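**Student:** Quick one: the structure is below, and I'll ask about it shortly.
Residue numbers (the working numbering), protein chains in the order written: chain A, 178 to 395; chain B, 178 to 395.
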């Protein structure tokens, strides 16, 4: 019974996700769903990514911020000078397609090329929920440990790209990049992997070029 | 409908949790449910805690390890020389009381004084599930950022204690201990707070003494 109800919820979500996807396609929008543990550096990577995209002037970005509570992240993002809206899930552990649908009218979709959706900090539940995005991007910080791709393989399987973050802290950890990369590829053989430090800028160019390469031509 | 079904699931879980609680009481067991993000240092803190408890010879510890996949954590814990069993949730984002009930026969409960249950790495969903534990303990690593108690208040509200981990990395982060402490106490005014580094041993004595103070006298 429990499995059946969960499947009904996912089916309903998938129908709304397809409606979101149609809206995004109509506006020629690249939509990236950023997923990772609490504190893996999603908002910080996003801040640096937005500032860099604005400076490079190829894409016009916007953002949707998902959190259980507070509007802190949307305020941080809005200070970057891009359109941003906050979703508070009031305890729910993931964003769903209905939440995204409800905030789209608050964004100037005609004036955007890429929309970042920052999911609730959670390496498990957001894997199951299609938001209508172009693709999921999973973040893993070096301070979390290199065993996470083996222990949380589902999200790596669902993601098109994986970003190893906080590379500036690598030297202070036992994180083995080769072990993490191997286990990511076991979960998803063709995953696109990045290693970045939003703080120092290490690895950011390749990440930004990848985003620009995915954006639909208008 | 969705809320109703979720409530039914929680009600069923609570009934099983009370059965677990009766078993723990019968064996005079202290049971701590450790909850935190993936990579916040649950297993490392547990390894050091177990080794220290064994050396101090006041309590006989055991452990239940929860993960989506792999038996890596139970193997790490078993190497400490304490009874340990692994639960693989196969994708589920939290442990529930039924999972705990199913593994209790594999543990020598008569020979234990304290049982640590390491939950799936997740700062959200495990908050809702009573496992029959004495209390929940939430872990937060300094590398995750000091905004987490404000952004994930539910789990802090449900926990009796909070352990700030990876204190040896504090100097490499922007983590503000006072801000984190303030927001923890907004969520839960009487939360017992610890600051530890399992790597250096900083703060471990107070944490161990607290555990020993909670254990039922036999």
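Cβ atoms here follow ideal geometry from the backbone N, Cα and C, with glycine treated the same way.
Since the model is a prediction, treat every value here as computed from it, not as a measurement.
Taking residue 221/A as part of the alpha helix (DSSP H), name the residues at either end of that continuous run.
**Tutor:** In the first chain, the residue the question calls residue 221/A occupies position 44. Element bounds for residue 221/A: 219-233.
**Student:** Roughly how many whole angstroms lie between the Cα atoms of residue 367/B and residue 331/B?
**Tutor:** Position 190 of the second chain, counting from 1, holds the residue named residue 367/B. Position 154 of the second chain, counting from 1, holds the residue named residue 331/B. Those two C-alpha atoms are separated by around 15 Å.
**Student:** Considering only the alpha carbon of each residue, which of 277/B, 254/B, 298/B and 273/B lies closest to residue 213/A?
**Tutor:** Reading the first chain from its first residue, position 36 is the one you call residue 213/A. Nearest of 277/B, 254/B, 298/B and 273/B to residue 213/A, Cα basis: 298/B.
**Student:** Please confirm if residue 311/B has its CB atom under 8 Å from at least one CB of chain A.
**Tutor:** Mapped onto the second chain, residue 311/B falls at position 134. No - not a single Cβ of chain A is within 8 Å of the one on residue 311/B.
**Student:** For residue 270/B, which three-state DSSP category applies?
**Tutor:** To locate residue 270/B, count along the second chain from 1; it is residue 93. Note: residue 270/B maps to coil in three-state DSSP.
**Student:** Any chance the segment 259-266 of chain B sits against the segment 230-240 of chain B, with 3 or more Cβ pairs inside 8 Å?
**Tutor:** yes
**Student:** Please specify which runs of the alpha helix (DSSP H), each continuous and at least 4 residues long, are wholly inside the segment 261-321 of chain B, giving them in chain order.
**Tutor:** Segments of the alpha helix (DSSP H) lying fully in the segment 261-321 of chain B: 274-280.
**Student:** With distances taken Cα to Cα, identify the nearest neighbour of residue 374/B among 300/B, 243/B and 218/B.
**Tutor:** The count along the second chain starts at 1 and reaches residue 374/B at position 197. Measuring from the Cα of residue 374/B, the nearest candidate turns out to be 218/B.
**Student:** Mind listing the chain B neighbours of residue 247/A? Cutoff is C-beta to C-beta under 7 Å, in chain order.
**Tutor:** Working through the first chain from its first residue, we reach residue 247/A at position 70. The answer, in chain order, is 327 and 328.
**Student:** Check distances from the C-beta atoms of the segment 207-233 of chain B to those of chain A and list, in chain order, the residues that come in under 7 Å.
**Tutor:** 214, 215 and 216
**Student:** Can you tell me where the beta strand (DSSP E) with residue 212/A in it begins and where it stops?
**Tutor:** Taking the first residue of the first chain as 1, we reach residue 212/A at position 35. Boundaries of the beta strand (DSSP E) around residue 212/A: 207-212.
**Student:** Classify residue 244/B as helix, strand or coil using the three-state DSSP reduction.
**Tutor:** The sequence position of residue 244/B within the second chain is 67, counting from 1. Strand.
**Student:** Around the Cβ of residue 210/B, are there at least 16 other Cβ atoms within 10 angstroms (buried) or fewer (exposed)?
**Tutor:** On the second chain, residue 210/B is found 33 positions in, with the first residue counted as 1. Buried is the call here.
**Student:** In terms of residue numbering, what span does the beta strand (DSSP E) encompassing residue 338/A cover?
**Tutor:** In the first chain, residue 338/A corresponds to position 161, counting from 1. Residues 336-342.
**Student:** In whole angstroms, what is the alpha-carbon distance linking residue 360/A and residue 326/A?
**Tutor:** For the purposes of this step, residue 360/A is taken as residue 183 along the first chain, with counting starting at 1. For the purposes of this step, residue 326/A is taken as residue 149 along the first chain, with counting starting at 1. Rounded to the nearest whole angstrom, the C-alpha separation of residue 360/A and residue 326/A is 6 Å.
**Student:** Report the residue from 273/B, 388/B, 198/B and 339/B whose alpha carbon sits nearest the alpha carbon of residue 323/B.
**Tutor:** Walking along the second chain from the start, residue 323/B turns up at place 146. Cα-wise, what sits closest to residue 323/B is 339/B.
**Student:** In whole angstroms, what is the alpha-carbon distance linking residue 183/B and residue 305/B?
**Tutor:** If you number the second chain from 1, residue 183/B lands on position 6. If you number the second chain from 1, residue 305/B lands on position 128. Whole-angstrom Cα-Cα distance: 10 Å.
**Student:** Pairs of beta-carbons, one from the segment 309-316 of chain B and one from the segment 198-210 of chain B, closer than 8 Å: are there three or more?
**Tutor:** yes
**Student:** So what does residue 239/B bridge to, in DSSP terms?
**Tutor:** Stepping through the second chain from its first residue, residue 239/B is reached at position 62. DSSP lists 292/B as partners of residue 239/B.
**Student:** At the 8 Å Cβ level, is residue 257/A part of the contact set with chain B, yes or no?
**Tutor:** Taking the first chain and counting its residues from 1, one reaches residue 257/A at position 80. So no, residue 257/A is outside the interface.
**Student:** List, in chain order, every chain B residue whose beta-carbon is nearer than 7 Å to that of residue 321/A.
**Tutor:** Position 144 of the first chain, counted from the start, is the residue given in the question as residue 321/A. By Cβ distance, chain B contributes 215 and 216.
**Student:** Buried or exposed for residue 220/A, going by 16 or more other Cβ atoms inside 10 Å?
**Tutor:** In the first chain, residue 220/A corresponds to position 43, counting from 1. Looking at its Cβ environment, which holds 16 or more other Cβ atoms inside 10 Å, residue 220/A is buried.
**Student:** For the segment 331-357 of chain A, which residues have a CB atom closer than 9 Å to at least one CB atom of chain B, in sequence order?
**Tutor:** Cβ contacts with chain B come from 331, 343, 345, 346, 349 and 350.
**Student:** With a threshold of 8 Å between beta-carbons, can residue 324/A be considered close to chain B, or not?
**Tutor:** As a first step, residue 324/A must be located in the first chain, where it is residue number 147. So, interface residue.
**Student:** Report, in whole angstroms, the separation of the C-beta atoms of residue 334/A and residue 364/A, which I expect to be a contact under 8 Å.
**Tutor:** As a position in the first chain, residue 334/A is number 157, starting the count at 1. As a position in the first chain, residue 364/A is number 187, starting the count at 1. So it is a contact: roughly 5 Å between Cβ atoms.
**Student:** Please name the residue in 223/B, 388/B, 378/B and 372/B whose C-alpha comes closest to that of residue 341/B.
**Tutor:** In the second chain, residue 341/B corresponds to position 164, counting from 1. Of 223/B, 388/B, 378/B and 372/B, the residue nearest in Cα terms is 372/B.
**Student:** For a cutoff of 8 Å on Cβ pairs, would you count residue 374/A as touching chain B?
**Tutor:** Position 197 of the first chain holds residue 374/A. Residue 374/A does not count as touching chain B.
**Student:** So residue 244/A contacts chain B; which residues on that side make the cut at Cβ distance below 7 Å?
**Tutor:** Taking the first residue of the first chain as position 1, residue 244/A is located at position 67. Within chain B, the residues near residue 244/A are 328.
**Student:** Checking contacts by CB at 8 Å: is residue 300/B closer than that to chain A?
**Tutor:** In the second chain, counting from the first residue as 1, residue 300/B sits at position 123. Judged by the 8 Å Cβ criterion, residue 300/B is in contact with chain A.
**Student:** Based on DSSP bridge pairs, tell me the residues matched to residue 371/B.
**Tutor:** Mapped onto the second chain, residue 371/B falls at position 194. Partner(s): 340/B.
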